[in-house]
Ligand code: NAD
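Residue numbers (the numbering used here): 18 to 441.
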């Protein structure tokens, strides 16, 4: 079955999310009454955000908050600040959050928010005013039992602190569990910042164990060196793997003998240098060449739609672990599958962030803090169990892991709809 995309949601990432949904549903006996409901958002709010800039002028930005499905609990999902944010992109990401939370067994539905803005062009004051007005505009949707935002591309712990404060000012008391990814001093969780990268590593280590690939002989290439990519690189380095190439938006750095990731992180912190300029650690490499380097594991951890039908035939990894959301197009998926490359899909591989966000929300509700070692071991336990469940499902049914993961998430959500029934 092929879905028709509503014009207001038409965006390549939304088309990809719906095509993946259609593909998974073709392997299931999904109640046809649920099909139309689940392939588009339950609620979507589009807001104007007027912001007084430092020069005294008022600039108006466009923001969105989308709740894809509320059947299993409050919705959860990040806030993205990026110039290309659209309603369609945010809706696709919200849908992915629904399957991701259901797959991991978390008591949430999927949401996402975003503002079409380049945050690097704003001063700190402008960023704060933008965030506070955006949260005031989407306030009716938010709440610890309604919808709980978190960081995503272009947002960070400081922005989440402004989210928490703005919400708390509106209701008149401190509400810690309205947002996750906050600083520790206002109810953030130990281990949250590195959680997505750590979850990517947990999954990578299980893939290597399952396929009997010795870790110390393993070469890794990572696209993107932000929150997800840099933590994944550091933890993989600490575990003894050889990270041979990394990249940021300016280009890549390659060293076939393995990059000294801790030294690169220290250097970058010291002078905020871009990766291709750090030639004391390796050779600069172009974006397109990095993705096709021979390696055991390729981790896209930057943007959507990076592995396409053009570069998929040239990809030389054995295992592709999706740190980013939607990095592989549908055409590329088919090519990688035919070539025997194992793809661990985003909704499984990058679930570490929302799993530890769930821990943060639970700690805030309990007014109790967990030890970091407890957080790491609970994360590892949840993501590893989900990985083997989906791997075995894919092997038994001879379907790609992406299809198996989507089926698992969709089935869980369908069960919730079925037992709740249709209101009224
Ligand atoms: P980030 O903004 O911290 O980092 C993005 C990185 O990608 C930066 O290093 C940037 O320079 C780099 N980049 C941009 N364009 C690039 C290009 N063309 N080639 C190579 N690198 C490029 O973002 P993040 O939080 O690390 O998120 C990365 C991806 O992971 C996104 O798809 C996001 O949705 C997904 N994700 C993030 C989290 C989280 O907890 N942060 C959780 C789940 C999924």
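For glycine and all other residues, C-beta sits at the position ideal for the given N, C-alpha and C.
CA-to-CA distance, residue 233 to residue 26, given in whole angstroms: 45 Å
Considering only heavy atoms of the ligand NAD, does any lie closer than 6 Å to the CB of residue 131? no
Straight-line CA distance for residue 332 to residue 236? 14 Å
Write down the C-beta distance between residue 109 and residue 30 rounded to the nearest angstrom, noting that I regard them as a contact closer than 8 Å. 4 Å
Which of helix, strand or coil does DSSP assign to residue 294? helix
By Cβ distance, which residues of its chain are closer than 8 Å to residue 324, with the 5 residues on each side in sequence left out? 308, 317, 332, 337, 344, 345, 346, 349, 353
Could you check whether the Cβ of residue 266 sits closer than 6 Å to any heavy atom belonging to the ligand NAD? yes
If you run the structure through DSSP and keep just helix, strand and coil, what is residue 489? Because the chain in this structure spans residues 18 to 441, residue 489 falls outside the shown range and cannot be described.
Three-state secondary structure (DSSP) at residue 397? helix
Excluding the 5 residues preceding and the 5 following residue 195 in the sequence, name in chain order all residues of the same chain whose CB lies nearer than 7 Å to its CB. 159, 160, 161, 165, 181, 184
Just curious, the alpha helix (DSSP H) that residue 118 is in, first and last residue? 104-120
Under 7 Å, do residue 209 and residue 377 count as touching if we go by C-beta distance? yes
Short Cβ contact (7 Å threshold) for residue 342 with residue 113: yes
Nearest neighbour of residue 260, chosen from 311, 169, 415 [CA to CA]: 311
Less than 6 Å separating the Cβ of residue 320 from some heavy atom of the ligand NAD? yes
Can you look up residue 68 in the DSSP assignment and give me helix, strand or coil? strand
Suppose you measure from the CA of residue 216 to the CA of residue 107; what does that come to, to the nearest Å? 23 Å
Between the C-alpha atoms of residue 426 and residue 329, what's the straight-line distance to the nearest angstrom? 26 Å
With a threshold of 6 Å on Cβ separation, who are the neighbours of residue 363 within its own chain once the five nearest residues in sequence on each side are excluded? 339, 342
Once the 5 residues before and after residue 75 are set aside, which same chain residues still bring their CB inside 8 Å of it? 67, 68, 69
For residue 152, collect the residues of the same chain with a Cβ closer than 8 Å to its Cβ; drop the 5 residues on either side in sequence, then sort them by chain order. 159, 179, 180, 183, 184
Give the secondary structure of residue 151 by DSSP, where H, G and I count as helix, E and B as strand, and everything else as coil. helix
Going by DSSP, name the residue or residues bridged to residue 300. 271
Is any heavy atom in the ligand MN found nearer than 6 Å to the beta carbon of residue 242? Of the ligands one can find in the structure shown, namely the ligand NAD, none is the ligand MN.
Contact test: residue 170 Cβ vs the ligand NAD heavy atom, cutoff 6 Å: yes
Could you check if residue 58 is buried or exposed, using at least 16 other CB atoms within 10 Å of its CB as the buried criterion? buried
What residue ranges within the region 314-384 form continuous alpha helix (DSSP H) runs of no fewer than 4 residues, ordered along the chain? 347-355, 363-366, 369-383
Give every residue of the same chain whose Cβ lies closer than 7 Å to the Cβ of residue 386, excluding the five residues on either side of it in the sequence, and list them in chain order. 380
Count the other C-beta atoms from every protein chain shown that fall within 10 angstroms of the C-beta of residue 384, then say buried if there are 16 or more, exposed otherwise. exposed
For residue 84, the residue or residues it bridges with in DSSP: 60, 128
How many Å lie between residue 371 and residue 441 at the Cα? 32 Å
Beta-carbon spacing of residue 94, residue 129 below 7 Å: yes
Between the Cα of residue 90 and those of 438, 435, 439, 430, spot the shortest distance and give me the residue it belongs to. 430
To the nearest angstrom, report how far apart residue 38 and residue 72 are at their CA atoms. 46 Å
Rank 157, 297, 272, 401 by C-alpha distance to the C-alpha of residue 188 and give the top, closest one. 157
Pairwise C-alpha distance: residue 126 and residue 133: 24 Å
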